[in-house]
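Peer 1: I am attaching a structure below and will ask some questions about it afterwards.
As structure tokens, this is what we get:
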């Protein structure tokens, strides 16, 4: 079967990718006059009920999603195949560029900034899907397209819409090399499986290979089932927080893995901390998938003194990223670039003396919050970081740090025996909110000296029931 047009509207120009189950064509929408991608299942699958269901699920799954890192679905239909069968097809956004798998055939391993930038955008796409009740189930380099600085996750052909029916157990769908252990056992699908696959992609980009090798699907499954916990090997030049995230994603226990949103935040923060130029390049490509566009105002401050010119390109990119994504940015004072953090009412001399910068990235619902706090300061013994929290915010737990809270004043001290700060240390805070509009901290002091800081809070709203799209249908 070699159709030239589908439904009198979609012209098929040339095949651009094919597999055992489908072929993707570069096509042209004659009505809207635009280039599209058309996905046609293999003709021998035309009569398969399962094929019909998969195409329907893929269309429904992607139709829920609007995100710059996910290739959109425009239309679906059927074309005659033989005398009785009608073959379903999907019309999608055509992504210029090449797959991540093709890129891996060239340079291995990747520089950590490139790997982090790519995986950060994959994580952002997965977060958008997971927050809409969609699990991809086949995250791998073949399903990631690269177009300059933008990553697109494609092929939701094995996607699952949560909640998963009980009848879906014991079915292994996906690519064994990237499957989570629970998927290999045929257990019900969860978003944690996509996070495991994300970790495996990050592992491959950073090391240049997978931690195992087999020539057949059955052999891969057998090796995988006998493999213990996977850990990143020592890798020169890769920041410790990136390695730690990879290890967490590859945990054999789904409940020990981060969420896709947390992974995206950690990868974004790593670029900000260790490579500001890379983070600026990806500011527009790593938006949060679900955030309320609210900005907390701050009290007016005297105009700051004239400062040395900053990098305008970085500032414009960051501002554009915030505007396009509708970020809930709570910044005190306005954040321009990693080298441009200034607390209101503090002299440049005092700032320079402290050498301390803090980044605070939080997600809150109506009654709870979780925050990643990164402290960057010279090594010092017996340090204490004091935060001024907004009213109604109460910390209930913290990782890797001791803490006490007195009303709105939170004090963090090192949990390490030597009490020294590292060049960059990340802590996780969780807590409760008694005011649903609580913002972020408004002051940070290290050993009594004011720190420069940037605060970002994503207002995610109350959790939606799994599988139910939001009221706006996105």
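Residue numbers (full-length UniProt numbering): 1 to 474. Using N, Cα and C, we set each Cβ at its ideal position, and we do this for glycine too.
1) Just to confirm my understanding: we take residue 227, look at its own chain, exclude 5 residues before and 5 after, and list those with CB closer than 8 Å. What are they?
2) Mapping the DSSP letters down to three states, classify residue 210 as helix, strand or coil.
3) In the DSSP assignment, the alpha helix (DSSP H) including residue 274 goes from what residue to what residue?
4) From residue 187 to residue 449, what does the alpha carbon distance come to, in whole angstroms?
5) How about the region 61-80 and the region 178-195: do they share at least three Cβ pairs that are nearer than 8 Å?
6) Check whether the region 237-254 touches the region 84-101, counting contact only when three or more Cβ pairs, one atom from each stretch, lie closer than 8 Å.
7) Could you spell out where the beta strand (DSSP E) holding residue 425 opens and where it closes?
8) Taking Cβ positions, are residue 92 and residue 37 nearer each other than 8 Å?
9) According to the neighbour-count rule (16 or more other Cβ atoms, all chains shown, within 10 Å of its Cβ), is residue 141 buried or exposed?
10) Exposed or buried, what is residue 183 when buried is set at 16 or more other beta-carbons lying within 10 Å of its beta-carbon?
11) Does DSSP classify residue 439 as helix, strand or coil?
12) Is the distance from the Cβ of residue 459 to the Cβ of residue 359 below 8 Å?
13) Return the chain-ordered list of same chain residues with a C-beta closer than 7 Å to the C-beta of residue 238, the five sequence neighbours on each side being excluded.
14) Rounded to whole angstroms, what's the CA-CA distance from residue 40 to residue 29? Just pull it up for me.
15) Which of the three DSSP states is assigned to residue 110 in this structure?
16) Do the CB positions of residue 432 and residue 384 come within less than 8 Å of each other?
17) Please say whether residue 143 and residue 153 have beta carbons closer to each other than 8 Å?
18) Classify residue 182 as helix, strand or coil using the three-state DSSP reduction.
19) By how many angstroms is the C-alpha of residue 78 removed from the C-alpha of residue 231?
20) DSSP three-state call for residue 405: helix, strand or coil?
21) Pull up the CB-CB distance for residue 273 and residue 400, whole angstroms please, since I reckon it's below 8 Å.
22) In whole angstroms, what separates the C-alpha of residue 478 from that of residue 176?
23) Name, in chain order, the residues that DSSP records as bridge partners for residue 25.
24) Which word fits residue 445, buried or exposed, when buried means at least 16 other C-beta atoms lie within 10 angstroms of its C-beta?
25) Checking the sheet assignment: what are the DSSP bridge partners for residue 450?
26) If you drop the 5 nearest sequence neighbours on each side, which residues of the same chain put their C-beta closer than 8 Å to that of residue 408?
27) Suppose contacts are defined by Cβ-Cβ distances below 8 Å. Is residue 148 in contact with residue 195 by that definition?
28) I need the straight-line Cα distance from residue 201 to residue 25, nearest angstrom please.
29) Give the DSSP bridge partners of residue 76, in chain order.
30) Going by DSSP, what residues sit across from residue 372 in a beta bridge?
Peer 2: Looking at the atomic coordinates:
1) By 1-based counting over the chain shown, the position of residue 227 is 227. The answer, listed in chain order, is 211, 212.
2) For the purposes of this step, residue 210 is identified with residue 210 of the chain shown, where counting begins at 1. Coil.
3) Stepping through the chain shown from its first residue, residue 274 is reached at position 274. That run of the alpha helix (DSSP H) goes 260-274.
4) Along the chain shown, one-based indexing puts residue 187 at 187. Along the chain shown, one-based indexing puts residue 449 at 449. Spanning the two alpha carbons is a distance of roughly 52 Å.
5) no
6) no
7) Here residue 425 corresponds to residue number 425 of the chain shown, with the count starting at 1. Here the beta strand (DSSP E) through residue 425 covers 425-433.
8) Here residue 92 is taken as the residue at index 92 of the chain shown, counted from 1. Here residue 37 is taken as the residue at index 37 of the chain shown, counted from 1. A contact, by the Cβ cut-off of 8 Å.
9) Taking the chain shown and counting its residues from 1, one reaches residue 141 at position 141. With 16 or more other Cβ atoms within 10 Å, it is buried.
10) What you label residue 183 is simply residue 183 of the chain shown in a count that begins at 1. Counting Cβ neighbours within 10 Å, residue 183 comes out buried, since at least 16 surround it.
11) Working through the chain shown from its first residue, we reach residue 439 at position 439. Of the three classes helix, strand and coil, the one that applies to residue 439 here is coil, per DSSP.
12) What you label residue 459 is simply residue 459 of the chain shown in a count that begins at 1. What you label residue 359 is simply residue 359 of the chain shown in a count that begins at 1. Cβ atoms of residue 459 and residue 359: not closer than 8 Å.
13) Counting from 1 along the chain shown, the entry for residue 238 is found at position 238. Hits under 7 Å: 112, 206.
14) If you number the chain shown from 1, residue 40 lands on position 40. If you number the chain shown from 1, residue 29 lands on position 29. If I take the Cα positions, the gap works out to 15 Å.
15) Taking the chain shown and counting its residues from 1, the one referred to as residue 110 is at position 110. Three-state DSSP puts residue 110 in coil, outside helix and strand.
16) Position 432 of the chain shown, counted from the first residue, corresponds to residue 432. Position 384 of the chain shown, counted from the first residue, corresponds to residue 384. No, these two residues do not count as a Cβ contact at 8 Å.
17) The sequence position of residue 153 within the chain shown is 153, counting from 1. The sequence position of residue 143 within the chain shown is 143, counting from 1. Yes; because the gap between Cβ atoms is below 8 Å, this pair is in contact.
18) On the chain shown, residue 182 is found 182 positions in, with the first residue counted as 1. Helix.
19) Position 231 of the chain shown holds residue 231. Position 78 of the chain shown holds residue 78. Near 46 Å, if we compare the C-alpha coordinates of residue 78 and residue 231.
20) To locate residue 405, count along the chain shown from 1; it is residue 405. In this structure, residue 405 counts as strand in the three-state DSSP scheme.
21) For the purposes of this step, residue 273 is identified with residue 273 of the chain shown, where counting begins at 1. For the purposes of this step, residue 400 is identified with residue 400 of the chain shown, where counting begins at 1. Contact doesn't hold; Cβ gap of about 16 Å is too wide.
22) The structure shown has nothing for residue 478, since the chain only spans 1 to 474.
23) On the chain shown, position 25 is the one that residue 25 refers to. The partner list for residue 25 (beta bridge, DSSP) reads 15, 38.
24) Here residue 445 corresponds to residue number 445 of the chain shown, with the count starting at 1. Residue 445 comes out buried.
25) Counting from one through the chain shown, the residue named residue 450 turns up at place 450. The partner list for residue 450 (beta bridge, DSSP) reads 445.
26) On the chain shown, residue 408 is found 408 positions in, with the first residue counted as 1. Contacts found: 388, 389, 390, 391, 393.
27) As a first step, residue 148 is located in the chain shown; it is residue number 148 there, counting from the start. As a first step, residue 195 is located in the chain shown; it is residue number 195 there, counting from the start. Against a cut-off of 8 Å, the Cβ pair of residue 195 and residue 148 comes out as no contact.
28) Locating residue 201 in the chain shown gives position 201, where the first residue counts as 1. Locating residue 25 in the chain shown gives position 25, where the first residue counts as 1. Distance between the alpha carbons of residue 201 and residue 25: 26 Å.
29) Taking the chain shown and counting its residues from 1, the one referred to as residue 76 is at position 76. DSSP, once it has assigned bridges, lists 90 as partnering residue 76.
30) Position 372 of the chain shown holds residue 372. Answer by DSSP bridge pairing, in chain order: 361, 428.
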